[in-house]
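Input: a single structure, listed below in structure tokens.
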Amino acid sequence: MYLKKLEVDKFKSFSKHLTVPLFPGFTAITGPNGSGKSNLCDAILFVLGPKSPKTVRAGRLTDLIYNGGRSKQAASQCKVSLVFDNEDRTIPIESGEVTLTRVIRKVKKENDPDGYYSYFYINDRSASLNDFTNLLSNSGMNGYNIIQQGTITRLVDMVPSERRKLIDDLA
Amino acid sequence: MYLKKLEVDKFKSFSKHLTVPLFPGFTAITGPNGSGKSNLCDAILFVLGPKSPKTVRAGRLTDLIYNGGRSKQAASQCKVSLVFDNEDRTIPIESGEVTLTRVIRKVKKENDPDGYYSYFYINDRSASLNDFTNLLSNSGMNGYNIIQQGTITRLVDMVPSERRKLIDDLA
Amino acid sequence: KKEKFFEVFDSLNERYKETYAALSGGEAELLLENPSEPFEGGLTIKARPKGKKAMRLPALSGGEKSLASLALVFAIQKFLPSPFYVLDEADMFLDNLNAGAVASMIKENSGHAQWITISLHEAMLKAADHIYGVTMQEADSSKIVGGVNLGG
Amino acid sequence: KKEKFFEVFDSLNERYKETYAALSGGEAELLLENPSEPFEGGLTIKARPKGKKAMRLPALSGGEKSLASLALVFAIQKFLPSPFYVLDEADMFLDNLNAGAVASMIKENSGHAQWITISLHEAMLKAADHIYGVTMQEADSSKIVGGVNLGG
Ligand SMILES: Nc1ncnc2c1ncn2[C@@H]1O[C@H](COP(=O)(O)OP(=O)(O)OP(=O)(O)O)[C@@H](O)[C@H]1O
Ligand SMILES: Nc1ncnc2c1ncn2[C@@H]1O[C@H](COP(=O)(O)OP(=O)(O)OP(=O)(O)O)[C@@H](O)[C@H]1O
Ligand SMILES: [Mg+2]
Ligand SMILES: [Mg+2]
Numbered sequence: 001m002y003l004k005k006l007e008v009d010k011f012k013s014f015s016k017h018l019t020v021p022l023f024p025g026f027t028a029i030t031g032p033n034g035s036g037k038s039n040l041c042d043a044i045l046f047v048l049g050p051k052s053p054k055t056v057r058a059g060r061l062t063d064l065i066y067n068g069g070r071s072k073q074a075a076s077q078c079k080v081s082l083v084f085d086n087e088d089r090t091i092p093i094e095s096g097e098v099t100l101t102r103v104i105r106k107v108k109k110e111n112d113p114d115g116y117y118s119y120f121y122i123n124d125r126s127a128s129l130n131d132f133t134n135l136l137s138n139s140g141m142n143g144y145n146i147i148q149q150g151t152i153t154r155l156v157d158m159v160p161s162e163r164r165k166l167i168d169d170l171a
Numbered sequence: 001m002y003l004k005k006l007e008v009d010k011f012k013s014f015s016k017h018l019t020v021p022l023f024p025g026f027t028a029i030t031g032p033n034g035s036g037k038s039n040l041c042d043a044i045l046f047v048l049g050p051k052s053p054k055t056v057r058a059g060r061l062t063d064l065i066y067n068g069g070r071s072k073q074a075a076s077q078c079k080v081s082l083v084f085d086n087e088d089r090t091i092p093i094e095s096g097e098v099t100l101t102r103v104i105r106k107v108k109k110e111n112d113p114d115g116y117y118s119y120f121y122i123n124d125r126s127a128s129l130n131d132f133t134n135l136l137s138n139s140g141m142n143g144y145n146i147i148q149q150g151t152i153t154r155l156v157d158m159v160p161s162e163r164r165k166l167i168d169d170l171a
Numbered sequence: 001k002k003e004k005f006f007e008v009f010d011s012l013n014e015r016y017k018e019t020y021a022a023l024s025g026g027e028a029e030l031l032l033e034n035p036s037e038p039f040e041g042g043l044t045i046k047a048r049p050k051g052k053k054a055m056r057l058p059a060l061s062g063g064e065k066s067l068a069s070l071a072l073v074f075a076i077q078k079f080l081p082s083p084f085y086v087l088d089e090a091d092m093f094l095d096n097l098n099a100g101a102v103a104s105m106i107k108e109n110s111g112h113a114q115w116i117t118i119s120l121h122e123a124m125l126k127a128a129d130h131i132y133g134v135t136m137q138e139a140d141s142s143k144i145v146g147g148v149n150l151g152g
Numbered sequence: 001k002k003e004k005f006f007e008v009f010d011s012l013n014e015r016y017k018e019t020y021a022a023l024s025g026g027e028a029e030l031l032l033e034n035p036s037e038p039f040e041g042g043l044t045i046k047a048r049p050k051g052k053k054a055m056r057l058p059a060l061s062g063g064e065k066s067l068a069s070l071a072l073v074f075a076i077q078k079f080l081p082s083p084f085y086v087l088d089e090a091d092m093f094l095d096n097l098n099a100g101a102v103a104s105m106i107k108e109n110s111g112h113a114q115w116i117t118i119s120l121h122e123a124m125l126k127a128a129d130h131i132y133g134v135t136m137q138e139a140d141s142s143k144i145v146g147g148v149n150l151g152g
């Protein structure tokens, strides 16, 4: 199993629909400060990650939708798809490829200007976050495989009792 | 006024007596991880800095004395001298050069294995830490001029109320 | 509970020793502040960078600390393997030599898992099989260039 | 007390705006969470990197945040000038372009004060007048080489 393709559409600084083919082996991503590298990492966490917006460096989930910057139009929804190669059936679904998609759409409700709907899809069929979590539970996507920017600094500055909690969590 | 020379002897990883001539203008210091770059910064803070050993990344002041590493002899004292050009008399002393020296010497006392004596010298005449502080009070060595490794990261991660305290301290 | 803790601790410590030695040529281990009552104390790292005396984490240099911490991340990942990994500028504090050592460890591991690393370090870019560049040439919009196959 | 606070805040904010603009080509300012009762709230930074929309500090990228914080350090130093400055790897998170901008600011300031910077960045080393190398070739002992005068 490996991540075969990453598709982003109006997610954070990606204003257009972009498809990034990925390969097994070793891929490096580089670019200037503020160009959008960590936003790609956030896109992966958005689909796989825990429920809190803080994980993807956003105050509210609607902050993840392309905001138009200085000159363009803000979008009303964002979409991210992760396409996994599943030839080895690590994910318990009978197909050689599994696509996990998550969408956030802004919805103006009277009492909540930042209202949104959150949609999940597995191979283009509607699903829920729990479906995602169950599907991936045996695939090794345990959260320790994605190291966000700044994690190493936090690990260095941890006091010993915090560092021990890492072992507690593993046990 | 500028820092004309830095002399270290058995301070942290500097096992020998070393003299580093410095110039006005822009000097860069580089080198591999763990080679001793930040130790030079600690040497300057050791003479100018506040009283706490934590500032120079040491548990106790005696940790600043060359410990011999794996193969050499541990030293029993360390010495750092800062030689300032004082042509413009920024430091209120009648001499074109001012040398500030600080020494830590290990002393075995019955009740305290980490006992030490701390000596201060101004142009080779014995003085105290207060003499240093008084002498430098009008010279602009205000502590904001030395930025240790990791300070920028701490500044980025500060919560707003902590950041405001920076202004409180300046006022 | 304590039993389970020690099972994890011992296995992780084994992997930690291997990983740190492979990355730096020195030795390091995980240390419990209170070995008999682990939940009463914390966990620290004692590392001996190549050719140096062993020291606890706070006495090391910035780069040495971050290498010792990165080794812990790799050890946890060995303990709980995953099909793919993403590292976002984890090589930030390292000099070229250490960044090169991390790059070759990733290259070795990339035979049996997929590794995606975000980095500004030359040493990391040179070792990769594929490189993508992210730019914001057009204001307010990120683009991706490359997919350049170095066939490395 | 409040008066004194505002005197410092206004003067520092002026210098902050100048410094950030000179470093990045964008705009930034210091913002009080509670402008009428400053001691009730904190202080944050609102920055608009070149060609982008203005955002608060947490929404910026790692490099953008560290440039905004470094600009604050420089502003404080302008507010309280000193005869010499030491910066230990303050350019850590910056790409070559931003590290170059910081190096040229230091170069400009080095006409009227002494600057000593510890750095691993090519851009910083190229801009300096003098370069020292620190090595630990012989185990357990740091040496200094250079004092190389580039006559930069
Ligand atoms: N009292 C001492 N005696 C001998 N060596 C010491 C002593 N105190 C610290 N050291 C050594 O100094 C080294 C750290 O040096 P320093 O922090 O200056 O490195 P650096 O060049 O700044 O590296 P980096 O680029 O990683 O920040 C440590 O490896 C430590 O072993
Ligand atoms: N919803 C959004 N709409 C548009 N742009 C956004 C949105 N959210 C974040 N951004 C932009 O994304 C940029 C940050 O990108 P990112 O953190 O990925 O940079 P990076 O390439 O990782 O840089 P660094 O090397 O400094 O870490 C910010 O400048 C911000 O303006
Ligand atoms: Mg980033
Ligand atoms: Mg250092």
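Residue numbers (this note's numbering), protein chains in the order written: chain A, 1 to 171; chain B, 1 to 171; chain C, 1 to 152; chain D, 1 to 152.
Virtual Cβ for every residue (Gly too), placed ideally from N, Cα, C.
What are the start and end residues of the alpha helix (DSSP H) that includes Y132 (chain C)? Sequence index remark: in the third sequence, residue 132 (chain C) carries index 132 (1-based). First-last for Y132 (chain C): 130-135, but that is the beta strand (DSSP E), not the alpha helix (DSSP H).
Does K143 (chain D) have its Cβ less than 9 Å from a Cβ in chain B? Working through the fourth sequence from its first residue, we reach residue 143 (chain D) at position 143. Judged by the 9 Å Cβ criterion, K143 (chain D) is in contact with chain B.
With hydrogens ignored, establish whether the beta-carbon of S142 (chain C) is closer than 8 Å to any heavy atom of ligand 2. Here residue 142 (chain C) refers to the residue found at position 142 when the third sequence is read from its first residue. Yes, Cβ of S142 (chain C) sits closer than 8 Å to a heavy atom of ligand 2.
Among A:V8, A:N145, A:F26, nearest to A43 (chain A) - alpha-carbon criterion: Working through the first sequence from its first residue, we reach residue 43 (chain A) at position 43. The shortest C-alpha separation from A43 (chain A) is found at A:V8.
Beta-carbon contacts of P113 (chain B) that lie in its chain and below 7 Å, excluding the five residues immediately before and after: Locating residue 113 (chain B) in the second sequence gives position 113, where the first residue counts as 1. Nothing listed; no residue qualifies.
Classify N149 (chain D) as buried or exposed, calling it buried when 16 or more other Cβ atoms lie within 10 Å of its own Cβ. Against the fourth sequence, residue 149 (chain D) aligns to sequence position 149. Here N149 (chain D) scores only 49 on pLDDT, less than 50, and its place in the model should not be relied on; the value that follows carries that caveat. Burial call: exposed.
Which residues in chain A have a C-beta closer than 7 Å to the C-beta of K52 (chain D)? List them in chain order. Taking the fourth sequence and counting its residues from 1, one reaches residue 52 (chain D) at position 52. Correct list: G69, R70.
Which residue comes first and which comes last in the beta strand (DSSP E) that contains F84 (chain B)? Taking the first residue of the second sequence as 1, we reach residue 84 (chain B) at position 84. Start and end: 77-85.
Bridge partner(s) assigned by DSSP for G146 (chain D): By 1-based counting over the fourth sequence, the position of residue 146 (chain D) is 146. Paired residue(s): D:Y132.
So, using beta-carbon positions, are L45 (chain A) and I146 (chain A) closer together than 9 Å? As a working note, residue 45 (chain A) is residue 45 in the first sequence. As a working note, residue 146 (chain A) is residue 146 in the first sequence. In contact: L45 (chain A) and I146 (chain A) (Cβ atoms closer than 9 Å).
Near F132 (chain A), which residues of its chain fall below 7 Å by C-beta distance, leaving aside the five closest residues on each side in sequence? Translated into the one-based positions of the first sequence, residue 132 (chain A) becomes position 132. Here the set comprises L100, F120.
N- and C-terminal bounds of the alpha helix (DSSP H) containing L67 (chain C): The count along the third sequence starts at 1 and reaches residue 67 (chain C) at position 67. Unbroken alpha helix (DSSP H) run through L67 (chain C): 62-79.
What are the residues in the region 49-74 of chain D lying within 8 Å of chain A by C-beta distance? P49, G51, K52, K53, P58, A59, L60, S61, G62, G63, E64, L67
Beta strand (DSSP E) segment containing D42 (chain A), residue limits: Taking the first residue of the first sequence as 1, we reach residue 42 (chain A) at position 42. Following the DSSP letters along the chain, one finds D42 (chain A) in no beta strand (DSSP E) but inside the alpha helix (DSSP H) bounded by residues 37-48.
When you get a sec, list the residues whose CB is within less than 7 Å of any heavy atom of ligand 4, chain order please. B:K37, B:S38, B:Q149, C:S61, C:G62, C:G63, D:D88, D:E89, D:I118
Using a Cβ-Cβ cutoff of less than 7 Å, which residues in the same chain neighbour S119 (chain C) once the five nearest sequence positions on both sides are dropped? Along the third sequence, one-based indexing puts residue 119 (chain C) at 119. Excluding residues within five positions, the ones whose Cβ falls inside 7 Å are E89, D91, L125.
Which residues in chain C sit within 8 Å of E27 (chain D), going by Cβ to Cβ distance? Start at 1 with the first residue of the fourth sequence, and residue 27 (chain D) comes out as number 27. Those within 8 Å of E27 (chain D) in chain C number zero; the least Cβ separation is about 15 Å.
Measure from the C-beta of G34 (chain B) to each C-beta in chain D and report whether the shortest distance is under 9 Å. Numbered from 1 along the second sequence, position 34 holds the residue referred to as residue 34 (chain B). Taking Cβ atoms only, chain D reaches closer than 9 Å to G34 (chain B), which makes this a yes.
Just the Cα atoms here: how many angstroms apart are A128 (chain D) and V145 (chain D)? In the fourth sequence, residue 128 (chain D) corresponds to position 128, counting from 1. In the fourth sequence, residue 145 (chain D) corresponds to position 145, counting from 1. Answer to the nearest angstrom: the Cα atoms are 16 Å apart.
Find the nearest neighbour of S139 (chain B) within the set B:T62, B:L18, B:L6, B:R89, judged by alpha-carbon distance. Here residue 139 (chain B) corresponds to residue number 139 of the second sequence, with the count starting at 1. Nearest C-alpha to S139 (chain B): B:R89.
Of all the CB atoms in chain B, is at least one closer than 9 Å to the CB of T19 (chain D)? Here residue 19 (chain D) corresponds to residue number 19 of the fourth sequence, with the count starting at 1. No, T19 (chain D) lies away from the interface with chain B (no Cβ there is under 9 Å from its Cβ).
Does the beta-carbon of N130 (chain A) have 16 or more other beta-carbons within 10 angstroms, so that it is buried, or is it exposed? For the purposes of this step, residue 130 (chain A) is identified with residue 130 of the first sequence, where counting begins at 1. N130 (chain A) comes out exposed.
From Q77 (chain D) to S15 (chain A), what does the alpha carbon distance come to, in whole angstroms? Here residue 77 (chain D) corresponds to residue number 77 of the fourth sequence, with the count starting at 1. Here residue 15 (chain A) corresponds to residue number 15 of the first sequence, with the count starting at 1. Cα to Cα, the separation comes out at about 39 Å.
Can you tell me whether Q73 (chain B) is helix, strand or coil according to DSSP? Translated into the one-based positions of the second sequence, residue 73 (chain B) becomes position 73. If DSSP states are grouped into helix, strand and coil, Q73 (chain B) belongs with coil.
At a Cβ threshold of 9 Å, is N149 (chain D) touching chain B? For this step, residue 149 (chain D) is matched to residue 149 along the fourth sequence. Note that N149 (chain D) scores 49 on pLDDT, short of 50, meaning its location in the model is unreliable; the coordinates nonetheless yield the value given after this. At least one chain B Cβ lies under 9 Å of N149 (chain D).
Among residues of its own chain, excluding the 5 on either side of P38 (chain D), which ones have a beta-carbon nearer than 6 Å to its beta-carbon? Here residue 38 (chain D) is taken as the residue at index 38 of the fourth sequence, counted from 1. The beta carbon of P38 (chain D) is closer than 6 Å to those of F5, L32 in its chain, skipping five residues each way along the sequence.
Answer yes or no: do S35 (chain A) and S61 (chain D) have a C-beta to C-beta separation smaller than 9 Å? Within the first sequence, numbered from 1, the residue matching residue 35 (chain A) stands at position 35. Within the fourth sequence, numbered from 1, the residue matching residue 61 (chain D) stands at position 61. Taking 9 Å as the Cβ cut-off, S35 (chain A) and S61 (chain D) qualify as a contacting pair.
Compare the C-beta of A28 (chain B) against all C-beta atoms of chain C and say whether one is closer than 9 Å. Along the second sequence, read from residue 1 onward, the residue named residue 28 (chain B) stands at position 28. Not an interface residue.
Hey, does T151 (chain A) have any beta-carbon neighbour from chain B nearer than 9 Å? Counted from its first residue, the first sequence places residue 151 (chain A) at position 151. No, no contact with chain B.
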